[in-house]
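The numbering used here puts the first residue of the sequence shown at 5, with every later residue one more than the last.
Below: the structure, in structure tokens.
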Amino acid sequence: MDKLIDLDYGTTFYFNISSFGGVLCFFQVKLKKMKFDSNIMPYCSLDKQQKKTIGEMEQEFLQALQSFYYEGKAIMSNEEFDNLKEELMWEGSSVVMLSSDEQKFLEASMAYVSEDGSDIVAEGPRCSLRSRKVYSDLSVDYLKMFLINVPAAVVALGLFFSWMTSLVLKSLPLELPEPFSFIFTWFAALPLILWLSFTLTNVIVRDFLILKGLCPNCGTENTSFFGTILSISSGGTTNTVKCTNCQTPLVFDQDTRLITLPEGSEA
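Here you go:
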């Protein structure tokens, strides 16, 4: 008599009982053919006959990243994304393992899309790939422009005190009660002195502008004056001066606010 017992773990036992020479019992173990599912992660198990390739999984991984970070929406759940990432790591894919530079680029791209990036300001001498010229930025030298008004301010202040002295000599009362003295000093005397200084400056120097910038060749700061001194113009919107350090000719452009080297010169 043979009895067949099927167990859940895939093993079949045969119990054979023979009546020859008594009762003889023995076990015969037979293993069934086991079926292995090559789809290790449940995410990749489409059905029993089909599985996604590594290229398809990598493409879907990148699409999930792009959709989440750039469009702000998820095309899969967190569990599915984690399963996909673990499967790609198991397969040895390099897509999920970002380098430090790739991670910085991803963060910068995310910040740019969200309009939360940092301002990038390039200063100093640099080269233009389009025009193939070395150039540097120009900025207004407010200190020297202020110093131009100092002589006229001294003259205006002297005229004001001369006028005040003439009033004293005429024995006119100059002392004003508070708060009229404060109002006269800050809202009458000071504006009058400033107006006289600017007027005297514009008589001698008109439409002036002082620009400063770094030499594209050696990096030394240079300045250039634009304007008219006693009806003598500085020469238009461009000036050519020599660097105070390396004696390289520099072209100052008032309109573009750039320092460039003349044609044919080498930096």
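From the three backbone atoms N, C-alpha and C, an ideal C-beta is built for every residue, glycine too.
Model, not experiment: these values are computed from the prediction.
Between residue 156 and residue 234, is the Cβ-Cβ spacing less than 8 Å? Translated into positions along the sequence shown, residue 156 becomes position 152. Translated into positions along the sequence shown, residue 234 becomes position 230. Cβ distance not < 8 Å, so residue 156 and residue 234 don't count as in contact.
Integer-rounded CB distance, given that residue 100 should sit under 8 Å from residue 65: Indexing the sequence shown from 1 puts residue 65 at position 61. Indexing the sequence shown from 1 puts residue 100 at position 96. Contact holds; Cβ gap of about 7 Å.
Does residue 146 come out as helix, strand or coil in the three-state DSSP assignment? Position 142 of the sequence shown holds residue 146. In this structure, residue 146 counts as helix in the three-state DSSP scheme.
6 Å Cβ shell around residue 12 - same chain, five flanking residues per side excluded: Here residue 12 refers to the residue found at position 8 when the sequence shown is read from its first residue. Confidence is the limiting factor: at residue 12 the pLDDT is only 43, short of 50, which leaves the residue's position unreliable, though a coordinate-based value still follows. Around residue 12: no qualifying Cβ.
Does DSSP put residue 249 in a helix, in a strand, or in coil? Taking the first residue of the sequence shown as position 1, residue 249 is located at position 245. Residue 249 falls in the coil class under three-state DSSP.
Just how far apart, CA to CA, sit residue 211 and residue 68? As a first step, residue 211 is located in the sequence shown; it is residue number 207 there, counting from the start. As a first step, residue 68 is located in the sequence shown; it is residue number 64 there, counting from the start. Residue 211 and residue 68: Cα-Cα distance of roughly 60 Å.
Apart from the five residues on each side of it in sequence, which residues of its chain come closer than 6 Å, Cβ to Cβ, to residue 148? Here residue 148 corresponds to residue number 144 of the sequence shown, with the count starting at 1. Cβ neighbours of residue 148 beyond the five flanking positions: 214.
Give the straight-line distance between the Cα atoms of residue 39 and residue 58, rounded to the nearest whole angstrom. The residue you call residue 39 lines up with position 35 of the sequence shown. The residue you call residue 58 lines up with position 54 of the sequence shown. The predicted model places residue 39 with a pLDDT of 49, which falls under 50 and marks its position as unreliable; any figure quoted below should be read in that light. So the two alpha carbons sit approximately 23 Å from each other.
Nearest neighbour of residue 198, chosen from 163, 263, 141 and 255 [CA to CA]: Position 194 of the sequence shown, counted from the start, is the residue given in the question as residue 198. Per the Cα distances, 163.
Inter-residue Cα distance where the pair is residue 219 and residue 226: The count along the sequence shown starts at 1 and reaches residue 219 at position 215. The count along the sequence shown starts at 1 and reaches residue 226 at position 222. In a straight line, the C-alpha of residue 219 is about 7 Å away from that of residue 226.
List the endpoints of the continuous beta strand (DSSP E) containing residue 79. Along the sequence shown, one-based indexing puts residue 79 at 75. Here residue 79 belongs to no beta strand (DSSP E), and DSSP marks it neither H nor E.
To the nearest angstrom, how far is it from the Cα of residue 267 to the Cα of residue 108? In the sequence shown, counting from the first residue as 1, residue 267 sits at position 263. In the sequence shown, counting from the first residue as 1, residue 108 sits at position 104. Near 40 Å, if we compare the C-alpha coordinates of residue 108 and residue 267.
Is DSSP giving residue 226 helix, strand or coil here? As a position in the sequence shown, residue 226 is number 222, starting the count at 1. Strand at residue 226.
Give me whichever residues DSSP pairs with residue 256 in a beta bridge. Within the sequence shown, residue 256 is the residue found at index 252, counting from 1. Note: residue 256 sits in a beta bridge opposite 243 and 263.
Buried or exposed: residue 240, going by 16 or more other Cβ atoms within 10 Å of its Cβ? Taking the sequence shown and counting its residues from 1, one reaches residue 240 at position 236. Residue environment analysis places residue 240 among the exposed positions, since fewer than 16 neighbouring C-beta atoms fall within 10 angstroms of its C-beta.
Which residues does DSSP pair with residue 209 in a beta bridge? Residue 209 sits at position 205 when you count from the first residue of the sequence shown. DSSP output for residue 209 lists 233 as bridge partner(s).
Where residue 217 falls, given that 16 or more other Cβ within 10 Å makes a residue buried: Mapped onto the sequence shown, residue 217 falls at position 213. Flag for residue 217 reads buried.
Any idea which residues DSSP pairs residue 140 with across the strands? Working through the sequence shown from its first residue, we reach residue 140 at position 136. For residue 140, which the question treats as bridged, DSSP gives the partners 263.
Quickly, what does DSSP pair residue 217 with across the bridge? List them, please. On the sequence shown, position 213 is the one that residue 217 refers to. Paired residues: 142 and 226.
What residues match up with residue 130 in a beta bridge as DSSP calls it? Looking up residue 130 in the sequence shown gives position 126. Under DSSP, residue 130 shares a beta bridge with 139.
Residue 202 vs residue 249 beta-carbon contact at 8 Å: Reading the sequence shown from its first residue, position 198 is the one you call residue 202. Reading the sequence shown from its first residue, position 245 is the one you call residue 249. Result no, Cβ atoms of residue 202 and residue 249 do not sit closer than 8 Å.
Is the distance from the Cβ of residue 258 to the Cβ of residue 229 below 8 Å? Residue mapping note: residue 258 aligns to position 254 of the sequence shown, counting from 1. Residue mapping note: residue 229 aligns to position 225 of the sequence shown, counting from 1. Cβ atoms of residue 258 and residue 229: not closer than 8 Å.
What's the gap between the Cα of residue 137 and the Cα of residue 146? Here the question's residue 137 lines up with position 133 in the sequence shown. Here the question's residue 146 lines up with position 142 in the sequence shown. Their backbone Cα atoms lie some 28 Å apart in a straight line.
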